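Chemist: Okay, handing you the structure first.
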């Protein structure tokens, strides 16, 4: 698999526009076995994108995995600059993006159910609800990338919870957040993070979600698959695989845990695929390899 590493949002979009222009110029000879999957570098999406990407590669596709900022990912999909993604958190978290681009993208449905987001703390902390927060963790919530919808929700939480006025929301990255969590727990310190499940941290540490009586973070979510318009016509078999892609929290957590333990995302994906041939066969039914 190829990896298009793009760190600057503006540069990312310009790169994708160039790729799209080149593709248009060569539309008559474009290899229909090329697939570009976008994702945000959250642990769940790293795991799922590498697994489905490896499955497509095993079928003979030339697969490119493109990590993007959340907002740019949706824009790139709507503009046809990437082919698909398996990173949509619904019905609440990414609802604004779905509403904005609904006429330009195709919803292939859920690929994992039982997901959840919210504020998470170590179980040893003596607080159980967002409304009961006072001055824990130096009035700081450790978050992830600023482009994540969950961060926007958290930054505006004080509008629903008066007790959060004056609190700080620290933007970082998913990796930096988990590193901060690990260090805090090692020192038995207070920490509040923007968390989500499935995630390997719930297997590694004793954690709890803070109750959310205002329903700010919604209830149960699912992770969904989306494709660009026209993918079914251009690459029908890849479209079918994406459409059938479905697994469980246990599946994704096993891949995430292997990555956390030091295995590369590609090797973790290959390991899971080798151990779950029956499930992969359901996704690839009637698809010819080349």
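Numbering (mature numbering (1 follows the signal peptide of the UniProt record, and there is no 0)), first residue to last: -27 to -1, 1 to 263. Heads up, the beta-carbon is just placed ideally off N, CA and C, and yes, glycines get one too. Note that the coordinates shown come from a computational prediction; the quantities given were computed from them, not determined experimentally.
1. Give a yes or no on contact between the segment 138 to 148 and the segment 178 to 197, applying the rule of three or more CB pairs nearer than 8 Å.
2. Can you check the segment 150 to 177 for any beta strand (DSSP E) of at least 3 residues that lies completely inside it and give the ranges in chain order?
3. Would the segment 124 to 132 and the segment 192 to 206 be scored as touching if the rule is three or more Cβ pairs under 8 Å?
4. By DSSP, does residue 117 sit in helix, in strand, or in coil?
5. Does the beta-carbon of residue 56 have 16 or more other beta-carbons within 10 angstroms, so that it is buried, or is it exposed?
6. Quick one: Cα of residue 136 to Cα of residue 123, how far?
7. Between which residues of its own chain and residue 102 is the CB-CB distance below 7 Å, once the five residues before and five after are set aside?
8. Look up residue 35 in the DSSP assignment and give the residues it is bridged to.
9. In angstroms with no decimal places, state the Cα-to-Cα distance between residue 98 and residue 113.
10. Any idea what DSSP makes of residue 251, helix, strand or coil?
11. What number of angstroms, rounded off, separates the C-alpha of residue 204 from the C-alpha of residue 255?
12. Between 206, 174 and 74, which lies nearest to residue 222 when the distance is taken from Cα to Cα?
13. Looking only at its chain, what residues have a beta carbon closer than 6 Å to the beta carbon of residue 53, apart from the 5 residues adjacent to it on each side?
14. Does residue 48 pass the burial test, meaning 16 or more other C-beta atoms within 10 Å, or should it be called exposed?
15. On the DSSP letters alone, give me the boundaries of the alpha helix (DSSP H) that residue 212 sits inside.
16. Using the Cα positions of residue 220 and residue 30, report the straight-line distance between them to the nearest angstrom.
17. For residue 75, name the three-state secondary structure that DSSP assigns.
18. What does the Cβ neighbour count give for residue 235, buried or exposed, with the cut at 16 atoms within 10 Å?
19. Taking Cβ positions, are residue 25 and residue 218 nearer each other than 7 Å?
20. How long is the line joining the alpha carbons of residue 7 and residue 127, rounded to whole angstroms?
21. If contacts are defined as beta-carbon pairs under 8 Å, then residue 20 and residue 228 qualify, I think. What distance do you get, rounded to the angstrom?
22. Would you say residue 196 and residue 88 are within 7 Å of each other, going by their C-beta atoms?
23. Bridge partners for residue 199 per DSSP, in chain order?
24. Check residue 131 in the structure and name its three-state DSSP category.
25. Per DSSP, which one or two residues make a beta bridge with residue 95?
26. Would you say residue 150 and residue 198 are within 7 Å of each other, going by their C-beta atoms?
27. Suppose you measure from the CA of residue 232 to the CA of residue 74; what does that come to, to the nearest Å?
28. Identify, in the order they occur along the chain, each residue of the same chain with its Cβ nearer than 6 Å to the Cβ of residue 241, setting aside the five sequence neighbours on each side.
Modeler: Considering the structure as presented:
1. no
2. 166 to 170
3. No, the segment 124 to 132 does not touch the segment 192 to 206.
4. Translated into the one-based positions of the chain shown, residue 117 becomes position 144. Of the three classes helix, strand and coil, the one that applies to residue 117 here is coil, per DSSP.
5. Mapped onto the chain shown, residue 56 falls at position 83. Residue 56 is buried by the Cβ-count criterion.
6. Working through the chain shown from its first residue, we reach residue 136 at position 163. Working through the chain shown from its first residue, we reach residue 123 at position 150. Approximately 19 Å, taken between the alpha carbons.
7. As a working note, residue 102 is residue 129 in the chain shown. The answer, listed in chain order, is 183, 184 and 186.
8. As a position in the chain shown, residue 35 is number 62, starting the count at 1. In the DSSP assignment, residue 35 is bridged to 7.
9. Start at 1 with the first residue of the chain shown, and residue 98 comes out as number 125. Start at 1 with the first residue of the chain shown, and residue 113 comes out as number 140. Spanning the two alpha carbons is a distance of roughly 14 Å.
10. As a working note, residue 251 is residue 278 in the chain shown. Three-state result, residue 251: helix.
11. Along the chain shown, one-based indexing puts residue 204 at 231. Along the chain shown, one-based indexing puts residue 255 at 282. In a straight line, the C-alpha of residue 204 is about 20 Å away from that of residue 255.
12. For the purposes of this step, residue 222 is identified with residue 249 of the chain shown, where counting begins at 1. Ranking 206, 174 and 74 by Cα distance to residue 222 puts 174 first.
13. Taking the first residue of the chain shown as 1, we reach residue 53 at position 80. Cβ neighbours of residue 53 beyond the five flanking positions: 201.
14. For the purposes of this step, residue 48 is identified with residue 75 of the chain shown, where counting begins at 1. Counting Cβ neighbours within 10 Å, residue 48 comes out buried, since at least 16 surround it.
15. By one-based count along the chain shown, residue 212 stands at place 239. From DSSP, the alpha helix (DSSP H) with residue 212 extends over 209 to 217.
16. The residue given as residue 220 occupies position 247 in the chain shown. The residue given as residue 30 occupies position 57 in the chain shown. Whole-angstrom Cα-Cα distance: 19 Å.
17. Counting from 1 along the chain shown, the entry for residue 75 is found at position 102. It is coil, neither helix nor strand.
18. The sequence position of residue 235 within the chain shown is 262, counting from 1. Looking at its Cβ environment, which holds fewer than 16 other Cβ atoms inside 10 Å, residue 235 is exposed.
19. Mapped onto the chain shown, residue 25 falls at position 52. Mapped onto the chain shown, residue 218 falls at position 245. Yes, they are a contact pair.
20. Walking along the chain shown from the start, residue 7 turns up at place 34. Walking along the chain shown from the start, residue 127 turns up at place 154. One C-alpha to the other measures close to 38 Å.
21. Counted from its first residue, the chain shown places residue 20 at position 47. Counted from its first residue, the chain shown places residue 228 at position 255. The Cβ separation is near 4 Å, so the contact holds.
22. For the purposes of this step, residue 196 is identified with residue 223 of the chain shown, where counting begins at 1. For the purposes of this step, residue 88 is identified with residue 115 of the chain shown, where counting begins at 1. Yes, these two residues count as a Cβ contact at 7 Å.
23. Taking the first residue of the chain shown as 1, we reach residue 199 at position 226. In the DSSP output, where bridge partners are listed per residue, residue 199 has 58 and 80.
24. Numbered from its first residue, the chain shown carries residue 131 at position 158. Of the three classes helix, strand and coil, the one that applies to residue 131 here is helix, per DSSP.
25. Here residue 95 refers to the residue found at position 122 when the chain shown is read from its first residue. Residue 95 pairs with 180.
26. Position 177 of the chain shown holds residue 150. Position 225 of the chain shown holds residue 198. Taking 7 Å as the cut-off, the beta carbon of residue 150 is found no closer than this to the beta carbon of residue 198.
27. Taking the chain shown and counting its residues from 1, one reaches residue 232 at position 259. Taking the chain shown and counting its residues from 1, one reaches residue 74 at position 101. So the alpha carbons of these two residues sit roughly 32 Å apart.
28. Here residue 241 refers to the residue found at position 268 of the chain shown. Taken in chain order, the residues that qualify are 228, 231 and 232.
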